[in-house]
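Chemist: Structure provided below as structure tokens; questions to follow.
In this note's numbering, the protein residues as written are 18 to 356.
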């Protein structure tokens, strides 16, 4: 964005700019009115001279991009008013719509011609509730699919189907309002997915939360239990690592778990790590893999996603946790709170 605004004809098109934990500068880029938001747990003393500089305490780089505290600063900057709330306000269940893109990671190139299906699932097991999907879309050249008429508060499985490739299953927490920016990352031929060991005997999990997982901060740690075992380790999720994505699987497919050291080639990648944990699988699935997230600052409250134990030889699985935890998560609760 600094490069874009360096051209006067471009800067003239922009009324206001928010720089989110990005570059410092000696002046607002292109002379555009600028709000610079900085992560309090990043490098201290950063600023854009002449901008409105705000540091959000006790937050890290990815977290500060979408936190409630950052939203308040942005809303105030754009409108000159205070927001009515910093919560994510639920919509009536029947109004929830979901859309997004299915893309190859990390290229962001659309998985053109693939099919994306949506299946309602039992939240206790992750198993499909019906024999047919709720919706199905052919992915466009830009990766776009949807919108899908979801039911607010229900649990869904999204699956990318490509001829000649394993189905890629995605599981998320229930949607409480419409979301048109759901990004389903899958691996291209020769991509990172081909580097993971697969077998009929273990599940391969990619677990994502767009808020860093802390494993070396004592009482401020996050806890993520996969089948009762905490995979947020000090080595894999040091605060300086900025881990938001974890590959959890049986490294070398040897039937032995070793959480003491992250899987090196995955841990070397920005924002990612790898954890050697055996999660038994079957084809067809015969049990549930339970993932329980206890987020830092949440007072011990949990976020839970359950999925079938798909065998990695035939299936890829991604689990996507919300980067927020709030008390009011249904339209009824919200309406009652406003009385």
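Cβ coordinates follow ideal geometry from the N, Cα and C atoms, glycine included.
1) With a 10 Å radius around its C-beta and 16 neighbouring C-beta atoms as the bar for buried, classify residue 34 as buried or exposed.
2) Going by DSSP, what residues sit across from residue 325 in a beta bridge?
3) Under a three-way DSSP split, which group does residue 8 fall into?
4) With respect to the alpha helix (DSSP H) encompassing residue 174, which residues constitute its N-terminal and C-terminal limits?
5) What does the Cβ neighbour count give for residue 338, buried or exposed, with the cut at 16 atoms within 10 Å?
6) In the DSSP output, which residue or residues are listed as bridge partners for residue 92?
7) Check whether the Cβ atoms of residue 79 and residue 342 sit closer than 8 Å, and answer yes or no.
8) Of all the beta strand (DSSP E) runs that stay within the bounds of the stretch 93-124, which reach a length of 3 or more residues?
9) Could you tell me the distance, in whole angstroms, from the CA atom of residue 356 to the CA atom of residue 350?
10) Three-state secondary structure (DSSP) at residue 338?
11) Can you tell me where the alpha helix (DSSP H) with residue 20 in it begins and where it stops?
12) Going by the CB atoms, is the gap between residue 64 and residue 41 shorter than 8 Å?
13) CA-CA distance, residue 87 and residue 263?
14) Any idea what DSSP makes of residue 250, helix, strand or coil?
15) Do you know how far the Cα of residue 83 is from the Cα of residue 313?
16) First and last residue of the beta strand (DSSP E) that includes residue 53?
17) Give the straight-line distance between the Cα atoms of residue 153 and residue 188, rounded to the nearest whole angstrom.
18) Can you grab the Cα-Cα spacing for the pair residue 57 / residue 74, in whole Å?
19) Our contact map puts residue 53 next to residue 323 with C-beta atoms below 8 Å; I'd like the distance itself, whole angstroms only.
20) With burial defined as no fewer than 16 other Cβ atoms inside 10 Å of the residue's Cβ, what is the status of residue 331: buried or exposed?
21) Are three or more beta carbon pairs between the stretch 117-135 and the stretch 198-215 nearer than 8 Å?
22) Leaving out the 5 sequence neighbours to the left and right, which residues in its chain are closer than 7 Å to residue 278 when beta-carbon positions are compared?
23) Between which two residues does the alpha helix (DSSP H) harbouring residue 284 extend?
24) According to DSSP, is residue 200 helix, strand or coil?
25) Any idea what DSSP makes of residue 232, helix, strand or coil?
26) Consult DSSP for residue 27 and reduce its assignment to one of helix, strand or coil.
27) Along the beta strand (DSSP E) that carries residue 136, what are the first and last residues, could you check?
28) Could you tell me which of 336, 233 and 106 sits nearest to residue 352, measuring between CA atoms?
29) Considering only DSSP beta bridges, list what residue 126 is partnered with.
30) My understanding is that residue 150 touches residue 136, with C-beta atoms under 8 Å, so please give their C-beta distance in whole angstroms.
31) So what does DSSP say about residue 261, is it helix, strand or coil?
Modeler: By the coordinates alone:
1) As a position in the chain shown, residue 34 is number 17, starting the count at 1. Residue 34 should be labelled buried.
2) For the purposes of this step, residue 325 is identified with residue 308 of the chain shown, where counting begins at 1. BP columns for residue 325 point to 305.
3) Residue 8 is absent from the model: the chain starts at 18 and stops at 356.
4) Residue mapping note: residue 174 aligns to position 157 of the chain shown, counting from 1. It is not in any alpha helix (DSSP H) - residue 174 instead sits in the beta strand (DSSP E) that spans 172-178.
5) Against the chain shown, residue 338 aligns to sequence position 321. By the 10 Å Cβ count, residue 338 comes out buried.
6) Counting from one through the chain shown, the residue named residue 92 turns up at place 75. Residue 92 is not bridged to any residue.
7) Within the chain shown, numbered from 1, the residue matching residue 79 stands at position 62. Within the chain shown, numbered from 1, the residue matching residue 342 stands at position 325. It is not a contact, given that the beta carbons lie outside the stated cut-off.
8) 114-121
9) Taking the chain shown and counting its residues from 1, one reaches residue 356 at position 339. Taking the chain shown and counting its residues from 1, one reaches residue 350 at position 333. Approximately 10 Å between the Cα atoms of the pair.
10) Residue 338 sits at position 321 when you count from the first residue of the chain shown. Reduced to three states, the DSSP call for residue 338 is strand.
11) On the chain shown, position 3 is the one that residue 20 refers to. It spans 19-22 - the alpha helix (DSSP H) in which residue 20 sits, taken as one unbroken run.
12) Here residue 41 refers to the residue found at position 24 when the chain shown is read from its first residue. Here residue 64 refers to the residue found at position 47 when the chain shown is read from its first residue. A contact, by the Cβ cut-off of 8 Å.
13) As a first step, residue 87 is located in the chain shown; it is residue number 70 there, counting from the start. As a first step, residue 263 is located in the chain shown; it is residue number 246 there, counting from the start. Spanning the two alpha carbons is a distance of roughly 25 Å.
14) As a first step, residue 250 is located in the chain shown; it is residue number 233 there, counting from the start. Correct three-state label for residue 250: coil.
15) Taking the chain shown and counting its residues from 1, one reaches residue 313 at position 296. Taking the chain shown and counting its residues from 1, one reaches residue 83 at position 66. Those two C-alpha atoms are separated by around 16 Å.
16) Your numbering for residue 53 matches position 36 in the chain shown. It spans 50-56 - the beta strand (DSSP E) in which residue 53 sits, taken as one unbroken run.
17) Locating residue 153 in the chain shown gives position 136, where the first residue counts as 1. Locating residue 188 in the chain shown gives position 171, where the first residue counts as 1. Using only the alpha carbons, I get a separation of about 16 Å.
18) Sequence index remark: in the chain shown, residue 57 carries index 40 (1-based). Sequence index remark: in the chain shown, residue 74 carries index 57 (1-based). About 4 Å.
19) Indexing the chain shown from 1 puts residue 53 at position 36. Indexing the chain shown from 1 puts residue 323 at position 306. That belief does not hold up - the Cβ atoms of residue 53 and residue 323 are roughly 41 Å apart, past 8 Å.
20) For the purposes of this step, residue 331 is taken as the residue at position 314 of the chain shown. So residue 331 counts as exposed.
21) yes
22) Numbered from its first residue, the chain shown carries residue 278 at position 261. So the list reads 252, once near-sequence residues are dropped.
23) What you label residue 284 is simply residue 267 of the chain shown in a count that begins at 1. Unbroken alpha helix (DSSP H) run through residue 284: 281-284.
24) Position 183 of the chain shown, counting from 1, holds the residue named residue 200. In the structure shown, residue 200 sits in a strand (DSSP, three-state: E or B).
25) The count along the chain shown starts at 1 and reaches residue 232 at position 215. Three-state result, residue 232: coil.
26) Walking along the chain shown from the start, residue 27 turns up at place 10. In the structure shown, residue 27 sits in a helix (DSSP, three-state: H, G or I).
27) Position 119 of the chain shown, counted from the first residue, corresponds to residue 136. Its beta strand (DSSP E) spans residues 132-138.
28) Residue mapping note: residue 352 aligns to position 335 of the chain shown, counting from 1. Ranking 336, 233 and 106 by Cα distance to residue 352 puts 106 first.
29) Working through the chain shown from its first residue, we reach residue 126 at position 109. For residue 126, which the question treats as bridged, DSSP gives the partners 121.
30) Counting from 1 along the chain shown, the entry for residue 150 is found at position 133. Counting from 1 along the chain shown, the entry for residue 136 is found at position 119. Contact holds; Cβ gap of about 5 Å.
31) On the chain shown, residue 261 is found 244 positions in, with the first residue counted as 1. Coil.
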